[in-house]
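Each residue of the sequence shown is one higher than the last, beginning at 3 in the working numbering. Cβ coordinates follow ideal geometry from the N, Cα and C atoms, glycine included. Nothing here was measured: the structure is a model prediction, and the numbers come from that model.
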Amino acid sequence: MEKMANLNKNAVENKDNLIKFSKMTSKILKDIINIVDEYTKDIILAENYEIEFKGFSLTDADGRLHRILSISDLDELYSKEYLKNDQITLNGIELKTDDLDSEKDILETYFQNRSYKLKNIDLRNLENGYITIYLSSKKSKNYRFKKDDKYTVFHKDFSNISAEHFERVLRWKDLDSTQLDELLKSFDVKCEELLNNISDTTAIGELELYLDLFNDLEHIKNETVVENNKVVIWIHPIYLFSEINVLKGLIYYELLEYDSSLIESKYRIIFEYCKEYKLLIGKNLHVIGKLRKIADDKNDLETIEEIDKMLVELI
Numbered sequence: 003m004e005k006m007a008n009l010n011k012n013a014v015e016n017k018d019n020l021i022k023f024s025k026m027t028s029k030i031l032k033d034i035i036n037i038v039d040e041y042t043k044d045i046i047l048a049e050n051y052e053i054e055f056k057g058f059s060l061t062d063a064d065g066r067l068h069r070i071l072s073i074s075d076l077d078e079l080y081s082k083e084y085l086k087n088d089q090i091t092l093n094g095i096e097l098k099t100d101d102l103d104s105e106k107d108i109l110e111t112y113f114q115n116r117s118y119k120l121k122n123i124d125l126r127n128l129e130n131g132y133i134t135i136y137l138s139s140k141k142s143k144n145y146r147f148k149k150d151d152k153y154t155v156f157h158k159d160f161s162n163i164s165a166e167h168f169e170r171v172l173r174w175k176d177l178d179s180t181q182l183d184e185l186l187k188s189f190d191v192k193c194e195e196l197l198n199n200i201s202d203t204t205a206i207g208e209l210e211l212y213l214d215l216f217n218d219l220e221h222i223k224n225e226t227v228v229e230n231n232k233v234v235i236w237i238h239p240i241y242l243f244s245e246i247n248v249l250k251g252l253i254y255y256e257l258l259e260y261d262s263s264l265i266e267s268k269y270r271i272i273f274e275y276c277k278e279y280k281l282l283i284g285k286n287l288h289v290i291g292k293l294r295k296i297a298d299d300k301n302d303l304e305t306i307e308e309i310d311k312m313l314v315e316l317i
């Protein structure tokens, strides 16, 4: 992969030229961020994925071509101490925000003006840790940036997931920033209520809940980690649309590894989570057998009937 060697040596070594170069690339990156949908923007701004570029190039005043092949190519440019007062972070890289006149001067002074088009964004390799952004550009009297008429965001094929899972993926992608904020506020309220309730009924010292916003939508998996005497549960974003009883069951299920005695008293609420897991994943959790035995011991005929029905159902 072409790296910093592709950049004009003087532009990299001279502080003035370096900052001006960074402002130019920053402008293009910010235009990409501002033009995409909210879901794609969240993925780009996350630090989970490497970003590769196809067609991201600049031509300086001397006609030399500078190709940017990945975010890693810009690491050294944006990590210098003299790049201060930044407001936007892209993949851990801070982008300068300066007045438009200053940026316009930099374009005219050091780089040939170009007209850029955002061609495509490929999100099909999220599981492999990277996304690809496709650009094209041509000489222009003034700097321009717009979507190509055939602009497409390529997503993974979700044809092999359940109908409920697929519906929630679509709901997630359709959220605008206002709708997402409202759902996150509602989720925070649910979590606060759950923390107050669950903390009083378990031997767990300290419990924290977070929504793992940048998790892969295709693979539904929660993650529980222990930090000192604290248990932290990272909840998959698909559960943002779940009812509070499902979330409560999810939390108790995740806590079984640290307090197995919970299953006896919380089997019914854990079963609520098992039902939604089956609806989303199409499989039964292994714990379902233990839940049925407890229901049988308690002569809980309603739960036994529900479990037996679920064990033979196909999604």
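Starting from the C-beta of ASP302, find all residues in its chain whose C-beta is less than 6 Å away, skip the five residues before and the five after it, and write them out in chain order.
-> Looking up residue 302 in the sequence shown gives position 300. Nothing listed; no residue qualifies.
At a cut of 8 Å, does the segment 40 to 56 reach the segment 173 to 180 through at least three beta carbon pairs?
-> yes
Are the Cβ atoms of TYR275 and GLY291 separated by less than 7 Å?
-> Along the sequence shown, read from residue 1 onward, the residue named residue 275 stands at position 273. Along the sequence shown, read from residue 1 onward, the residue named residue 291 stands at position 289. No; because the gap between Cβ atoms is not below 7 Å, this pair is not in contact.
Sufficient close CB pairs (3 or more, under 8 Å) joining the segment 248 to 263 to the segment 189 to 209 | yes
By a C-beta neighbour count over all protein chains shown, 10 Å radius and 16 as the cutoff for buried, is ALA297 buried or exposed?
-> On the sequence shown, position 295 is the one that residue 297 refers to. Classification for ALA297: buried.
Express the C-alpha separation of LYS158 and LYS311 in angstroms, rounding to a whole number.
-> By 1-based counting over the sequence shown, the position of residue 311 is 309. By 1-based counting over the sequence shown, the position of residue 158 is 156. The alpha-carbon atoms of LYS311 and LYS158 are separated by roughly 33 Å.
Using DSSP bridges, identify the partner residues of THR154.
-> The residue labelled residue 154 in the question sits at position 152 within the sequence shown. DSSP lists ASN122 as partners of THR154.
Enumerated in chain order, which unbroken segments of the alpha helix (DSSP H) with a length of 4 residues or greater are wholly contained in the segment 206 to 286?
-> 246 to 257 and 264 to 283
Same chain, Cβ closer than 6 Å to PHE58, neighbours up to 5 away in sequence not counted | Mapped onto the sequence shown, residue 58 falls at position 56. Taken in chain order, the residues that qualify are ILE70 and LEU137.
C-beta atoms of ASN122 and THR154 nearer than 7 Å | For this step, residue 122 is matched to residue 120 along the sequence shown. For this step, residue 154 is matched to residue 152 along the sequence shown. Yes, they are a contact pair.
Look at LEU215 and PRO239 and say whether their C-beta atoms are less than 7 Å apart.
-> Residue numbering aside, residue 215 sits at position 213 when the sequence shown is read from its first letter. Residue numbering aside, residue 239 sits at position 237 when the sequence shown is read from its first letter. Cβ distance < 7 Å, so LEU215 and PRO239 count as in contact.
Work out the CA separation of ILE163 and GLU169 for me, nearest whole Å.
-> Counted from its first residue, the sequence shown places residue 169 at position 167. Counted from its first residue, the sequence shown places residue 163 at position 161. Cα to Cα, GLU169 sits roughly 10 Å from ILE163.
Could you pull out every residue in the same chain whose Cβ sits closer than 8 Å to the Cβ of LYS187, ignoring the five residues on either side in sequence?
-> By 1-based counting over the sequence shown, the position of residue 187 is 185. Closer than 8 Å at Cβ, skipping near neighbours: no residue.
Out of curiosity, what's the CA-to-CA distance linking ASN217 and GLN114?
-> Position 215 of the sequence shown, counted from the first residue, corresponds to residue 217. Position 112 of the sequence shown, counted from the first residue, corresponds to residue 114. Rounded to whole angstroms, ASN217 to GLN114 spans 40 Å at the Cα level.
Decide if PHE160 is buried, meaning its Cβ has at least 16 other Cβ atoms within 10 Å, or exposed.
-> One-based indexing of the sequence shown puts residue 160 at position 158. Looking at its Cβ environment, which holds fewer than 16 other Cβ atoms inside 10 Å, PHE160 is exposed.
Would you call the CB atoms of TRP236 and GLU225 closer than 7 Å?
-> Within the sequence shown, residue 236 is the residue found at index 234, counting from 1. Within the sequence shown, residue 225 is the residue found at index 223, counting from 1. In this structure, GLU225 lies closer than 7 Å to TRP236 by Cβ.
Check the C-beta distance from ASP124 over to THR134 and give it rounded, since I have them as a contact under 8 Å.
-> For the purposes of this step, residue 124 is taken as residue 122 along the sequence shown, with counting starting at 1. For the purposes of this step, residue 134 is taken as residue 132 along the sequence shown, with counting starting at 1. Indeed, because the Cβ distance is near 4 Å, the residues count as touching under 8 Å.
For GLU52, which residues does DSSP report across the bridge?
-> On the sequence shown, position 50 is the one that residue 52 refers to. Answer by DSSP bridge pairing, in chain order: TYR132.
Inter-residue Cα distance where the pair is ASP183 and ASP44 | Along the sequence shown, read from residue 1 onward, the residue named residue 183 stands at position 181. Along the sequence shown, read from residue 1 onward, the residue named residue 44 stands at position 42. Roughly 13 Å between the two C-alpha positions.
Go to THR180, then tell me how far its beta strand (DSSP E) extends in each direction, as first and last residue.
-> Against the sequence shown, residue 180 aligns to sequence position 178. Here THR180 belongs to no beta strand (DSSP E); instead the alpha helix (DSSP H) covers 179 to 201.
Where do the N-terminal and C-terminal ends of the alpha helix (DSSP H) with ARG173 fall, by residue?
-> In the sequence shown, the residue the question calls residue 173 occupies position 171. It spans 165 to 176 - the alpha helix (DSSP H) in which ARG173 sits, taken as one unbroken run.
Who are the near neighbours of LEU61 in its chain, counting only those whose CB is closer than 6 Å to its CB and skipping five residues on each side?
-> For the purposes of this step, residue 61 is taken as the residue at position 59 of the sequence shown. First, the residue type needs correcting, since residue 61 is Thr and not Leu in the sequence shown. Same-chain partners within the cutoff: LEU67 and GLN114.
Per-residue DSSP class, three states only, for ASN301 = Reading the sequence shown from its first residue, position 299 is the one you call residue 301. Residue state, collapsed to three classes: coil.
May I ask you to report which of helix, strand or coil DSSP gives ASP75?
-> For the purposes of this step, residue 75 is taken as residue 73 along the sequence shown, with counting starting at 1. The answer is helix: DSSP assigns ASP75 an H, G or I state.
Would you identify the three-state DSSP class for SER28, choosing helix, strand or coil?
-> Position 26 of the sequence shown, counted from the first residue, corresponds to residue 28. In this structure, SER28 counts as helix in the three-state DSSP scheme.
What number of angstroms, rounded off, separates the C-alpha of ILE90 from the C-alpha of ILE34?
-> Start at 1 with the first residue of the sequence shown, and residue 90 comes out as number 88. Start at 1 with the first residue of the sequence shown, and residue 34 comes out as number 32. With a pLDDT of 47 at ILE90, under the threshold of 50, the predicted position of this residue should be treated as unreliable, and no value is reported.
If we count the other Cβ atoms within 10 Å of its Cβ and call it buried at 16 or more, is ARG126 buried or exposed?
-> Within the sequence shown, numbered from 1, the residue matching residue 126 stands at position 124. Classification for ARG126: exposed.
Is the distance from the Cβ of LEU219 to the Cβ of VAL289 below 7 Å?
-> As a first step, residue 219 must be located in the sequence shown, where it is residue number 217. As a first step, residue 289 must be located in the sequence shown, where it is residue number 287. Cβ atoms of LEU219 and VAL289: not closer than 7 Å.
Cβ-Cβ separation, LEU249 to LYS260 (assumed contact under 8 Å), whole Å | Start at 1 with the first residue of the sequence shown, and residue 260 comes out as number 258. Start at 1 with the first residue of the sequence shown, and residue 249 comes out as number 247. Looking at the sequence shown, residue 260 is not Lys but Tyr. That pair is no contact at about 18 Å.
Could you check where the alpha helix (DSSP H) with THR61 kicks off and where it finishes?
-> Looking up residue 61 in the sequence shown gives position 59. First-last for THR61: 59 to 61, but that is the beta strand (DSSP E), not the alpha helix (DSSP H).
Three-state secondary structure (DSSP) of ARG66 = Start at 1 with the first residue of the sequence shown, and residue 66 comes out as number 64. DSSP places ARG66 in coil when its eight states are reduced to three.
Could you tell me which of ASP190, ILE46 and SER262 sits nearest to LEU128, measuring between CA atoms?
-> The residue you call residue 128 lines up with position 126 of the sequence shown. Out of ASP190, ILE46 and SER262, ILE46 has the C-alpha closest to the C-alpha of LEU128.
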